[in-house]
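Below is one structure, written out as structure tokens; comments come after it.
2 protein chains.
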Amino acid sequence: MRYCNQCGAEVIRKVPEGDNRLRHVCISCEEIHYQNPKIVAGCISEHEGKVLLCKRAIEPRYGYWTLPAGFMELEETSHEAALRETLEEANARVTILELYAVFNLPYIGQVYMMYRSQLKDLDFSAGEESLEVKLFAEGEVPWDEIAFTTIKYTLEFFFQDQRNKQFRLHTGDIINQGDGNYGFRPGP
Amino acid sequence: MRYCNQCGAEVIRKVPEGDNRLRHVCISCEEIHYQNPKIVAGCISEHEGKVLLCKRAIEPRYGYWTLPAGFMELEETSHEAALRETLEEANARVTILELYAVFNLPYIGQVYMMYRSQLKDLDFSAGEESLEVKLFAEGEVPWDEIAFTTIKYTLEFFFQDQRNKQFRLHTGDIINQGDGNYGFRPGP
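For the record, the sequence lines run as chains A and B.
Anchor point for the first sequence: position 186 equals 186 in this note's numbering, and the numbering is continuous, going up by one each time.
Position in the second sequence (from 1) plus 188 gives the number in this note's numbering.
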């Protein structure tokens, strides 16, 4: 951020009075430009024990498999965002059952909110951002071709809970361990 | 938003190619300036059945009672944000037990994430943004002086669950019904 989006003057990084963090502050109108984490909302959608995955047609992670999810927009709720992303990426209509995973990704300023849901019908297909959309049983999941760590953990929790016949909310943080490795720290 | 924070040129509102929403787009460098909901994180902290409330020393709702909560920052997790706000506003040290409420406020682009927690000690006091900090049993809560609808519902759910001796995650949307009235719609 180099310029004030209110008056067009330059911004500098400084700690505003009464604050304790570096912010982008306008040198002219003194507007403080806060930056905050974004919510990524999506669905883990089930049909007869199988889960709907999308093969990404966009970067990052082109060609890798993911759950339909994306940035929550203004003027919508988190569950509306999850339904919208599932429709956009997989042309799939689902019934949301419950909030299933809330993961913090502090190293990139994101919070994932994944909803457990059920397919209403089998009339799904690849949306513009997907190459392919397919149902996978646990043993069929291409574990080495999963796009993101958040998705890997959501899928692992889902199949574990399915085996135990008991689904519950999973919370935690994805931790950047460096060298391209990411771990999971269970949260409250 | 009137100017591009990358290059300082003017922004216009238009639907970018491949998108379906109005965005702020720079007329010079074509940067798209997305705006997304913010997370407000806080704690509902208990001690011997009583709940810790803060009397606001700032606008909006100066002089009204609230739970300690505030905007989640970059580079922290939602539970770290909840602990930080509780320390800043109530000088209170708490142990977080669980994610207790996730409420969408689509009319102002916010998602509330409230954590149920327990006070570690009784050495709390008013932080800079509070006039007073106090423990309230259900019958003592100043219901007509609660600052925000989200806080009212969080407190109501908490005392209801406490009576039933069974706490659970509450999800839903706060709906702006106009004329200063707000309702609650249970969510998945």
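For each residue, glycine too, the CB sits at the ideal point set by N, CA and C.
From a predicted model like this one, the values you see are computed outputs, not experimental measurements.
Query, Result
"Exposure label - residue 125 of chain A; buried when at least 16 CB within 10 Å", "exposed"
"Residue 233 of chain B - containing alpha helix (DSSP H), residue span", "It is not in any alpha helix (DSSP H) - residue 233 of chain B instead sits in the beta strand (DSSP E) that spans 226-235."
"Chain A within 8 Å of residue 294 of chain B, Cβ atoms only", "yes"
"Chain-ordered neighbours of residue 38 of chain A on chain B, where CB pairs are closer than 7 Å", "224"
"Beta-carbon proximity of residue 203 of chain B to residue 191 of chain B, cut-off 8 Å", "no"
"Cβ pair residue 305 of chain B, residue 242 of chain B closer than 8 Å", "no"
"Min CB distance residue 51 of chain A to chain B below 8 Å", "no"
"Proximal residues of chain B, C-beta to C-beta of residue 190 of chain A below 9 Å", "Because chain A here runs from 1 to 188, residue 190 of chain A falls outside it and cannot be looked at."
"Residues, ordered as in the chain, of the region 341-361 of chain B that lie near chain A by beta-carbon distance below 8 Å", "357, 359 and 361"
"contact_flag[the region 94-114 of chain A, the region 20-29 of chain A] where n(CB pairs < 8 Å) is 3 or more", "no"
"Minimum Cβ-Cβ distance from residue 74 of chain A to chain B less than 8 Å", "yes"
"Where residue 151 of chain A sits in the DSSP three-state scheme", "helix"
"Cβ pair residue 358 of chain B, residue 303 of chain B closer than 8 Å", "no"
"is_contact[residue 96 of chain A, chain B] using C-beta, thresh 8 Å", "yes"
"Residue range of the beta strand (DSSP E) that includes residue 95 of chain A", "94-105"
"Helix, strand or coil at residue 274 of chain B [DSSP, three-state]", "helix"
"Whole-Å CB distance - residue 194 of chain B paired with residue 219 of chain B, under 8 Å assumed", "5 Å"
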